[in-house]
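Protein chains: 4
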Amino acid sequence: MIKVGVAGYGTIGQRLADGVALQKDMELVGVADITVTLAVRALKEKGMPYNLYLASLDNREQFEQAGIPISGTLEDLVQKVDIMLDATSAGIGAKNKELYKKYGKKAIFQGGEKNDVADVFFHGYANYEKGIGKQFLKLTSCNTTGLIRAVDCLDRIFGIDKVAITIIRRVADPGDYHRGLTNALQIDKAPSHQALDLMTIMPHIKATGILVHTPVTHGHIITVVAKPKKKITKQNALEAFNAHDRIRVVKIEDGFLGNASLFKYARDLGNPRGDMYEIAIWDESIVDSGDDIMFAINIPQEAVVIPETMDGIRAAMEMETDRLKAVAATNKYLGLGTWKQK
Amino acid sequence: MIKVGVAGYGTIGQRLADGVALQKDMELVGVADITVTLAVRALKEKGMPYNLYLASLDNREQFEQAGIPISGTLEDLVQKVDIMLDATSAGIGAKNKELYKKYGKKAIFQGGEKNDVADVFFHGYANYEKGIGKQFLKLTSCNTTGLIRAVDCLDRIFGIDKVAITIIRRVADPGDYHRGLTNALQIDKAPSHQALDLMTIMPHIKATGILVHTPVTHGHIITVVAKPKKKITKQNALEAFNAHDRIRVVKIEDGFLGNASLFKYARDLGNPRGDMYEIAIWDESIVDSGDDIMFAINIPQEAVVIPETMDGIRAAMEMETDRLKAVAATNKYLGLGTWKQK
Amino acid sequence: MIKVGVAGYGTIGQRLADGVALQKDMELVGVADITVTLAVRALKEKGMPYNLYLASLDNREQFEQAGIPISGTLEDLVQKVDIMLDATSAGIGAKNKELYKKYGKKAIFQGGEKNDVADVFFHGYANYEKGIGKQFLKLTSCNTTGLIRAVDCLDRIFGIDKVAITIIRRVADPGDYHRGLTNALQIDKAPSHQALDLMTIMPHIKATGILVHTPVTHGHIITVVAKPKKKITKQNALEAFNAHDRIRVVKIEDGFLGNASLFKYARDLGNPRGDMYEIAIWDESIVDSGDDIMFAINIPQEAVVIPETMDGIRAAMEMETDRLKAVAATNKYLGLGTWKQK
Amino acid sequence: MIKVGVAGYGTIGQRLADGVALQKDMELVGVADITVTLAVRALKEKGMPYNLYLASLDNREQFEQAGIPISGTLEDLVQKVDIMLDATSAGIGAKNKELYKKYGKKAIFQGGEKNDVADVFFHGYANYEKGIGKQFLKLTSCNTTGLIRAVDCLDRIFGIDKVAITIIRRVADPGDYHRGLTNALQIDKAPSHQALDLMTIMPHIKATGILVHTPVTHGHIITVVAKPKKKITKQNALEAFNAHDRIRVVKIEDGFLGNASLFKYARDLGNPRGDMYEIAIWDESIVDSGDDIMFAINIPQEAVVIPETMDGIRAAMEMETDRLKAVAATNKYLGLGTWKQK
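Protein chains in written order, with this note's numbering: chain A, 1 to 342; chain B, 343 to 684; chain C, 685 to 1026; chain D, 1027 to 1368.
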């Protein structure tokens, strides 16, 4: 049993903890945070299913006043685990890395950290082999993780030369008050980092892209214009996507009208927090234009990186050296793809 | 075991079914709907935990093509149950009532139906006794249900003469595409129906109010200006609200910044669908002004009526004639108030 | 002086009337509408700068009660003009066409009508010549009008083979209550009609695209991936766009952060209604990727079609047979491009 | 001719400058700002109708590069005027005050500054006399300005004892990217500062209130529950409001459905920037409940303080000592109330 700790119990950290708890070959030792957030209050109200460690003893009193039991410090947690999943705010991971190095522990950082924090920039499907045995991995960000799933899926079957993406980005998570847009679209300088990141992970593909922030909270939508090595028909693409355990093909005509339908559906499925690990691709969005193929992806930004992070644990800890067996293990424990077999 | 059926498997119907399934003294026989919605698709993907009946055989083929097993017609379902919970679209309930009468079954309608569909307009806390043994009840709407919880709570202790409410209404549910507002507040003709409905349920209180629709999806906020029979201090109000099993007192300083924080918190609690049965009242919103007391309530519009509907089953079926024992049974099975005892 | 009438005094109709009033070689005879809208009330409060005609005498009393003077019927108006600009709701234009035919008048329909209502589907820059002398023109829709401006601009200089577009569409106009989205992105079946329309106007270009509705009110954003006949550098594109009188190149670093900045800027300019006739292209959005060039356009949906409709009058009425002289006349009267010369 | 300068050329400062330019008994000497904002770029594109002064010479180069002519420094401007209108960001006004004192000039600060920056906290209608001849005035904020207009209107006729307000606040101005909410309502600690400010200006009235931020950009809506000294019927209230030159009574049935309708209407009126100086009160929102009267106000947050600031100039400069003559002069030059006489 690989022992895992989570630093940062926010939007991603909570879901990483839940994800690890589902892996039968891993043990969640505990989670660490620095202040009494709503997530920490909810942990307490649920009866502390996970042990909580304190990133800084300065805030001890705050936790005591809120009646929240503490199992020790982040440094204590690091010593007890084989690998840390670091989901702290951007920049903190780089500091925590010193602690991980001090005790010779492995760690996986999330997309907010700079690439040089890690030995390898990692995606479970696209470059699993590069992560094997490494001490420090950095996961791709939510958009990049989902985008690469789809592009890698086509690339392995048909070969992809070039992609141009448009990211229609949700600007805040549900419950966010520290950021937001009201009645405004905001454009970032091009090319988007997601296009650049894709080229880092998949250097044989040429990528560019434009990102526009939109005032919604559930799910980015990415349109992809892909130039394949050989013609991909809509039917080809559908078959490839349908066969992928982390991709859901959905139909507008079935009621999947946009990102909000997918969030509603995940809630109706009874998924914890209304989360969805899979990206969705709309059947009716897939069009070909000459040699190119174009389609639209829904990225559930809160949960999409969880499976690839689990893959990362398997790679870093050398639990599995075969890419397909590794992702299959993650998928089995997270229940991915099983619904397709029904 | 009281046998219960649910007609209409939408936003409210799904939650009614889940709520009944949690009551140890009730049995959910099945749910009925008329078309293959996302909720129905989710039911299938979950492996049909509830039997599904067809409101109209005209759509049989549509269900078969989607591979969704059908247990019979709505008329079949009605015959198998003691009481129907009707959560169909406004106006359909009045039609379905003929079916319920045909088989001599009881029914509880939701707020969208006209008051005259039922023998009594019902609220579990405010007028439980009026529902005992009746054949047809109509529940108060989501806003009115939550509003009455808070007003009744104060009224039973201190006596309330008059209220003036401002309803800051969420305009659509998460996942709605058939309605919505974009960058606009919309005002309704005053007085709001919620003020009028409150007076129907609590005729000794004078009420008026204004309703403004806002472009958000999680939770209405109602401000209440109440004139009590005798002065209520903030401390008095806090004690009363804290003692109520369907009211949560929350603090802005703890991070409950608005309706979105409560939705996030319910998701973090692991509540199915991220639902919350309780209304919330912000501690820092409670202010007194001369004789009056003013405060703000959060109404989780998707789930708030579930407990009072369960109370309604107890009343209509004469499972319990004591108001406080009835609501206590509902609260126990839904886990309401238990977290306060920790 | 060409005599012009406007049918439908809504979002587009009001702006068409204002646009005609600015053309020194045209005379606005009057506008027609069917009911007392806010736009009609504002016309009255302004002292009736335009004569108002009634589309249906059935509503005469409604206008009288509101104290709004009427100059006659739509049929009266048609008889007084040389050409009608029809900006009525979709489908009404086709009916009105019978009236225009009855009196042998010309007409220009807006994008909501079906293509077969007209002899030619028209864009001032892209196919001016096709409209010369025709009785019935149909303008491209707002998105298509702006998109074609940019594509035609590049195509005439460099040649364009193919485009793939992503339309990030504002879902409602400011002041709309009859439609809207709340916290949701909505995707349409692909390919978008704008891509198809572009191919109708510019048949030598292959086009496809995906459209996503977003909950904002000021300005669509379109990303374009264009495959030119020969390489277009960013510098090439900038020079071409800068030289176009109906295109504004703006910079994120100057504070043009998104569609809302452009609306704010137009208000700060003192433009009536805060309108802008020009599309904007963000300098920092222009990226090349191999042979392709990608960029993002802002489409001010309320006003963008006004210049091309003025061009249409010039074509249909044979006021000018030279494309460049025609658009130059429109630009001069609307003040387009003059600010670039300062 | 009173010479006026404006410090801070943002949302409020631009409108103050435009307002002063309309007063026939005042002269706008110039405006000052510190950086090349979109508002400054628009000023340049319009041909510099107002002279621009630099708040800090540090940024001189930035202005020169943008080709924007500068007429001197803020200190130069202060020396040329009789009175400064300070609409800089919160806190800067207090610093600028030293400059105004140095040259013995008067100044009016906006609502963002602390009350102690000024000799008197001012509202043109409610306490004009207190501002006469004072060196430093501070205007009430946008919400408070509009709220007091309505409350003062009733108070002078009927006498008001107490108000309880609910402010449904727009969270950002059109074009704002530095703040915003996405799918969230946010509640502030009660009582709201607007209720406290009302009591400072009108100390004979008891006031409390709750403020909720909403994700829209055009216009706050305030509901007011007022307890009058003697009964006010709806008809009484309507007559009082209709007779006030800075109040517009509007009807839902005429199409004024919410704050967005008023913004649309102001655009359709051709008002510069689509601004409206008047508050609006919905006829159908006025309800009485026993002794109390309740109604809803729309506050156009960008422009509402302009008239009362013009009044403030008249008071501070002793241009007029009679309250009603002062506000009448402002109203005449701004065109307020004239439309009612048509």
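Glycine is no exception: its CB is placed at the ideal position from the N, C-alpha and C atoms.
Inter-residue CB distance, residue i and residue j (contact presumed, cutoff 8 Å)
{"i": "B/Phe405", "j": "B/Asp428", "result": "Wrong, their Cβ atoms sit about 21 Å apart, outside the cutoff."}
{"i": "D/Ser1082", "j": "D/Ile1096", "result": "That pair is no contact at about 11 Å."}
{"i": "D/Glu1071", "j": "C/Leu953", "result": "6 Å"}
{"i": "B/Ala359", "j": "B/Tyr392", "result": "6 Å"}
{"i": "C/Leu882", "j": "C/Leu831", "result": "6 Å"}
{"i": "C/Thr892", "j": "C/Ala964", "result": "Contact flag wrong, Cβ pair sits at about 24 Å."}
{"i": "A/Gly312", "j": "A/Leu139", "result": "6 Å"}
{"i": "B/Arg357", "j": "B/Glu644", "result": "6 Å"}
{"i": "C/Asp967", "j": "C/Pro912", "result": "About 19 Å separates the two Cβ atoms, so there is no contact after all."}
For residue i: DSSP bridge partner residues
{"i": "A/Glu27", "result": "A/Lys3"}
{"i": "C/Met978", "result": "C/Val909 and C/Val971"}
{"i": "A/Lys332", "result": "Answer is none; A/Lys332 lacks a bridge partner."}
{"i": "C/Thr898", "result": "C/Arg854"}
{"i": "C/His888", "result": "According to DSSP, C/His888 bridges with nothing at all."}
{"i": "B/Gly551", "result": "B/Ile507"}
Chain-order list of residues whose beta-carbon lies under 7 Å from that of residue i (same chain, five-residue window excluded)
{"i": "C/Ile841", "result": "Ala924"}
{"i": "C/Gly1021", "result": "Asp929 and Asn1015"}
{"i": "A/Ala195", "result": "Ile165, Ala207, Thr208 and Gly209"}
Collapsed DSSP secondary structure at residue i in the structure displayed
{"i": "C/Thr824", "result": "coil"}
{"i": "C/Tyr737", "result": "strand"}
{"i": "D/Met1302", "result": "coil"}
{"i": "D/Phe1147", "result": "strand"}
{"i": "C/Thr757", "result": "strand"}
{"i": "A/Gly13", "result": "helix"}
{"i": "B/His535", "result": "helix"}
{"i": "C/Arg932", "result": "strand"}
{"i": "D/Val1062", "result": "coil"}
{"i": "C/Met883", "result": "helix"}
{"i": "A/Gly131", "result": "helix"}
{"i": "C/Ile849", "result": "strand"}
{"i": "D/Ile1213", "result": "strand"}
{"i": "C/Ala726", "result": "helix"}
{"i": "D/Asp1202", "result": "coil"}
{"i": "B/Ala608", "result": "helix"}
{"i": "C/Asp770", "result": "strand"}
6 Å CB neighbourhood of residue i in its chain, flanking five on each side removed
{"i": "A/Thr166", "result": "Ile210 and Thr223"}
{"i": "C/Asn926", "result": "Val933"}
{"i": "C/Gly756", "result": "Tyr737"}
{"i": "D/Lys1029", "result": "Glu1053, Val1055, Val1107 and Asp1108"}
Local Cβ density within 10 Å of residue i, reported as buried at 16 or more and exposed below that
{"i": "D/Thr1171", "result": "buried"}
{"i": "B/Asn613", "result": "buried"}
{"i": "C/Glu782", "result": "exposed"}
{"i": "A/Ser285", "result": "buried"}
{"i": "B/Gly433", "result": "exposed"}
{"i": "D/Asn1141", "result": "exposed"}
{"i": "C/Arg863", "result": "exposed"}
{"i": "D/Met1343", "result": "buried"}
Proximal residues to residue i (C-beta, below 8 Å), its chain only, five neighbours per side dropped
{"i": "B/Asp630", "result": "Lys573, Ile574, Thr575, Lys576 and Met636"}
{"i": "C/Val801", "result": "Gly777, Ala778, Lys781, Phe793, Phe820 and Lys822"}
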